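Data first, discussion second: the structure below is written as structure tokens.
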Amino acid sequence: MIRLDQLRHLPLFVLFELAPSAWTQAGLARLQRALPRPGAEEIGLLCAHDLARIAPLVADAGVSMVGASFDPAEVLRPRWPLAQVLTEQYRLSLAGEGFARRLLFFGAVDGALPDRRLQPDPKHPASPWRVLPLALIGEGEAIERIEQDLEAHLLESGECAPPVATALASWFGVEIAHARHLTALDLLAVLRAQYLQADGELLADLLEAALLRPDRAVFLQDPSGLHCAWDGQRVRLQWTPAPAQPCAGWRGRLARGRQLQQGLALHGIETIWVSCADQPAEALLGGTELGDCVEERIGDNAVARWQLHQDDQLGLWRVDGLDAADAVCCRLYPLSEQGLQRLDTLLGELPRQILTGNNG
13 MIRLDQLRHL PLFVLFELAP SAWTQAGLAR LQRALPRPGA EEIGLLCAHD LARIAPLVAD
73 AGVSMVGASF DPAEVLRPRW PLAQVLTEQY RLSLAGEGFA RRLLFFGAVD GALPDRRLQP
133 DPKHPASPWR VLPLALIGEG EAIERIEQDL EAHLLESGEC APPVATALAS WFGVEIAHAR
193 HLTALDLLAV LRAQYLQADG ELLADLLEAA LLRPDRAVFL QDPSGLHCAW DGQRVRLQWT
253 PAPAQPCAGW RGRLARGRQL QQGLALHGIE TIWVSCADQP AEALLGGTEL GDCVEERIGD
313 NAVARWQLHQ DDQLGLWRVD GLDAADAVCC RLYPLSEQGL QRLDTLLGEL PRQILTGNNG
């Protein structure tokens with residue numbers, strides 16, 4: 013008998029792309045709602061059968077699947093939390109006994125799933141790519157053989173059979189351009205290609221480090237000069253402005269850092285700014301964590317009023333402190349949304365002016 017502590021899980025995904033006609037407000041809203049139990053069961057059975065067609069060893073594994081679609085960034089997260097929940101629910105279904113092959117499909121009852129951690133985030137930015145997550149569960153060596161088989165065949169033979177695509181379109185109520193089965197590495201490769209098209213190589217590298225080597229520190233450098241590291245829990249970004257010109261010449265690094273913060277946040281990855289030396293790279297792990305705001309002093313005059321700018325080039329808000337002659341005497345750069353909120357509290361009731369756009 014296989015003990016529960018000997019079980020291993022393998023995350024898999026059905027990736028489907030919406031047809032242009034489905035890229036509507038109503039279509040996106042339907043995709044963010046979990047399917048009822050009959051829909052989850054029908055799609056789950058079809059997926060299990062289809063995967064066994066591609067890799068016959070799948071027929072020996074248990075399957076745990078949720079009838080809900082997610083943005084790829086919601087499932088590509090450190091330590092694969094969604095797959096962990098699916099495996100946890102599978103273990104609970106065994107009621108403490110040894111492993112038994114089961115097909116476990118979670119659907120919504122009265123709009124709610126049995127575990128809220130399986131619910132898609134309605135606030136997550138929508139995209140035309142959606143994934144249906146599942147986990148294959150079984151004894152360690154058996155799952156390893158299945159993983160090797162799927163890694164070898166899914167990229168070439170992973171197109172979903174027509175009944176799977178038809179069921180997805182029918183139950184979600186949208187037209188689907190195509191659907192295919194992917195391993196976690198396949199899905200990560202698909203997203204990496206998208207990030208590279210948007211000049212997101214550093215984001216893709218950090219994401220791979222966090223997902224594939226979560227317990228190992230990884231150090232990277234962007235062409236802008238920004239140093240960053242994955243420390244096993246979060247991403248650290250280096251901030252070491254030159255004393256004479258605290259922000260001049262660092263705008264590129266600051267902009268790249270903000271892009272990384274926003275991209276990593278979609279994957280549930282926290283970022284912090286730290287002050288440390290450029291070398292060695294390991295200095296990032298022991299750097300002093302900054303607050304949520306960087307100040308650039310331009311003059312010694314007292315601040316009479318504040319201007320809040322939306323700086324499109326940097327991808328963040330900027331607060332200019334103006335003296336009595338309306339000359340800029342300091343600038344504040346909130347490094348996070350929390351920093352902007354705290355800055356608003358610190359400024360209190362001082363006169364201020366809110367501007368939008370890049371106002372210099």
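Per this note's numbering, numbering of the sequence shown is gapless, rising by one per residue and ending at 372. In this text, a Cβ means the ideal position worked out from N, Cα and C, and glycines have one as well. In this text, all values refer to a predicted model and were calculated from it rather than measured experimentally.
(1) Please report the residue range of the alpha helix (DSSP H) in which Ser105 lies.
(2) Within 10 Å of its beta-carbon, does Asp338 have 16 or more other beta-carbons around it, so buried, or fewer, so exposed?
(3) Between which residues of its own chain and Pro126 is the CB-CB distance below 7 Å, once the five residues before and five after are set aside?
(4) Taking only the alpha-carbon atoms, compute the straight-line gap between Leu218 and Pro23 and give it to the nearest angstrom.
(5) Compute the distance between the beta-carbons of Asp323 and Arg330, then report whether it is under 8 Å.
(6) Which parts of the region 205-239 are runs of the beta strand (DSSP E), unbroken and 3 residues or longer, counting only runs that do not cross its ends?
(7) Which same chain residues, not among the five before or five after Gly150, have their C-beta less than 8 Å away from its C-beta?
(8) Helix, strand or coil: which one does DSSP assign to Gln271?
(9) Only counting the same chain, and skipping five residues up and downstream in sequence, which positions put a Cβ closer than 6 Å to that of Glu54?
(10) DSSP state of Pro23, grouped into three classes?
(11) Cα separation between Ala64 and Val70?
(12) Would the region 81-95 count as touching the region 134-154 if we require 3 or more Cβ pairs under 8 Å?
(13) Suppose you measure from the CA of Ala173 to the CA of Trp141; what does that come to, to the nearest Å?
(14) Which residues bound the beta strand (DSSP E) around Ile158?
(15) Rounding to the nearest angstrom, what Cα-Cα distance links Tyr345 and Val315 in this structure?
(16) Quick check: the Cα distance between Leu272 and Glu109, rounded to an integer number of angstroms?
(17) In chain order, what residues of the same chain have a beta carbon less than 8 Å from the beta carbon of Gly244, not counting five sequence neighbours either side?
(18) Take Pro258 and list the residues in its own chain whose beta-carbon comes closer than 6 Å to its own, dropping the five residues that flank it on each side.
Per the coordinate set shown:
(1) Numbered from its first residue, the sequence shown carries residue 105 at position 93. Looking at the DSSP string, the run of the alpha helix (DSSP H) that includes Ser105 is 93-105.
(2) Within the sequence shown, the letter at position 326 stands for residue 338. With fewer than 16 Cβ atoms within 10 Å of its Cβ, Asp338 is classed as exposed.
(3) On the sequence shown, residue 126 is found 114 positions in, with the first residue counted as 1. Its chain contains Phe118 as the residues whose beta carbon lies nearer than 7 Å to that of Pro126, once the 5 sequence neighbours on both sides are disregarded; these appear in chain order.
(4) Numbered from its first residue, the sequence shown carries residue 218 at position 206. Numbered from its first residue, the sequence shown carries residue 23 at position 11. Looking at the two C-alpha atoms, the distance is approximately 20 Å.
(5) As a working note, residue 323 is residue 311 in the sequence shown. As a working note, residue 330 is residue 318 in the sequence shown. Result yes, Cβ atoms of Asp323 and Arg330 sit closer than 8 Å.
(6) Counting whole runs of 3 or more residues, the region 205-239 contains the beta strand (DSSP E) stretches 230-233.
(7) Walking along the sequence shown from the start, residue 150 turns up at place 138. If we look at Gly150 and ignore the five residues flanking it on each side, its Cβ neighbours are Ile14, Leu19, Arg20, Asp72, Ala73, Gly74, Phe111, Arg113, Ile158.
(8) Here residue 271 refers to the residue found at position 259 of the sequence shown. Looking at Gln271 - three-state DSSP - the assignment turns out to be helix.
(9) Position 42 of the sequence shown, counted from the first residue, corresponds to residue 54. Closer than 6 Å at Cβ, skipping near neighbours: Ala179.
(10) Here residue 23 corresponds to residue number 11 of the sequence shown, with the count starting at 1. Correct three-state label for Pro23: strand.
(11) For this step, residue 64 is matched to residue 52 along the sequence shown. For this step, residue 70 is matched to residue 58 along the sequence shown. In this structure, the CA atom of Ala64 is about 5 Å from the CA atom of Val70.
(12) Enough Cβ pairs lie closer than 8 Å, so yes.
(13) The residue you call residue 173 lines up with position 161 of the sequence shown. The residue you call residue 141 lines up with position 129 of the sequence shown. So the alpha carbons of these two residues sit roughly 18 Å apart.
(14) The count along the sequence shown starts at 1 and reaches residue 158 at position 146. Following the DSSP letters along the chain, one finds Ile158 in no beta strand (DSSP E) but inside the alpha helix (DSSP H) bounded by residues 152-169.
(15) If you number the sequence shown from 1, residue 345 lands on position 333. If you number the sequence shown from 1, residue 315 lands on position 303. Going from the Cα of Tyr345 to the Cα of Val315 covers about 16 Å.
(16) Residue numbering aside, residue 272 sits at position 260 when the sequence shown is read from its first letter. Residue numbering aside, residue 109 sits at position 97 when the sequence shown is read from its first letter. Approximately 45 Å, taken between the alpha carbons.
(17) For this step, residue 244 is matched to residue 232 along the sequence shown. Hits under 8 Å: Pro226, Asp227, Arg228, Ala229.
(18) For the purposes of this step, residue 258 is identified with residue 246 of the sequence shown, where counting begins at 1. Residue placement at Pro258 is flagged as unreliable, the pLDDT there being 48, under the threshold of 50; the coordinate-derived value follows with that caveat. Same-chain partners within the cutoff: Glu308.
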